[in-house]
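Have a look at the structure below before the remarks.
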Amino acid sequence: MRIGSGLDVHPFSEDPQRTLVLAGLVIADAAGLAGHSDADVVSHAVADAMLGAAALGDLGSRFGVDDPATAGADSLQLLAAVVTDVHAAGWELGNLDITVIAQRPRLASHRGAMRGNLAGCLGCGVEQVSVKFTTTDRLGSIGRGEGIAAWATCLLLPGHR
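According to our numbering, the stretch in the sequence shown is residues 370 to 530, in order.
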């Protein structure tokens, strides 16, 4: 078995047309995050955790940094490609635990949809995916409402050989 962790942080975008996407879910009436792709910090953290656990590098080494092919990309599609790579390396997901750190917006009402989106993308049961939310009690850049972070930890088990 292998354990991996992933962290991603993005600032809020100054572009009012940018949408907030977390775990593939569009969060209505919230400022979007700045980034090369859709800036989905949850999907990015999960992808990095899985790549790390399988010793396959990280999201930047897999897809490149600022590659025109991934401009505005749907991060769930990037995550799906990572899942394919992890399976090809002989691993399958045991479980996934995610913490989303945001002072704003409040996200707890979206937990079920996020878990469902991730489970669908990962090809696992929703009971294998945990999503939690916290704030920094107004400390630091996230506490000042300047962005959102996500931390993911996954367990990979031998399989898919």
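Glycine residues also receive a C-beta, built at the ideal position from the N, C-alpha and C atoms.
Checklist entry - So what does Phe502 bridge to, in DSSP terms? => result Val469
Item to check | Bridge partners - Cys490, DSSP secondary structure assignment | outcome: None; Cys490 has no bridge partner.
Next on the checklist: In the DSSP output, which residue or residues are listed as bridge partners for Val395?
Outcome noted: Val390
Item to check | For Asp417, the first and last residue of its enclosing alpha helix (DSSP H) | outcome: 410-422
Next on the checklist: For Thr388 and Ile396, what's the separation of their Cα atoms in angstroms?
Outcome noted: 7 Å
Item to check | Sheet register partners of Glu461 (DSSP bridge) | outcome: Leu526
Item to check | Reduced DSSP category for Pro474 - H, G, I as helix; E, B as strand; rest coil | outcome: coil
Checklist entry - Are the region 456-475 and the region 427-440 touching, with three or more C-beta to C-beta distances below 8 Å? => result no
Checklist entry - For Val434, which of helix, strand or coil comes out of DSSP? => result coil
Next on the checklist: Once DSSP output is grouped into helix, strand and coil, what is the label at Ser374?
Outcome noted: strand
Checklist entry - alpha helix (DSSP H) containing Ser510: first to last residue? => result 509-512
Checklist entry - Mapping DSSP to helix, strand and coil, what is Ala403? => result coil
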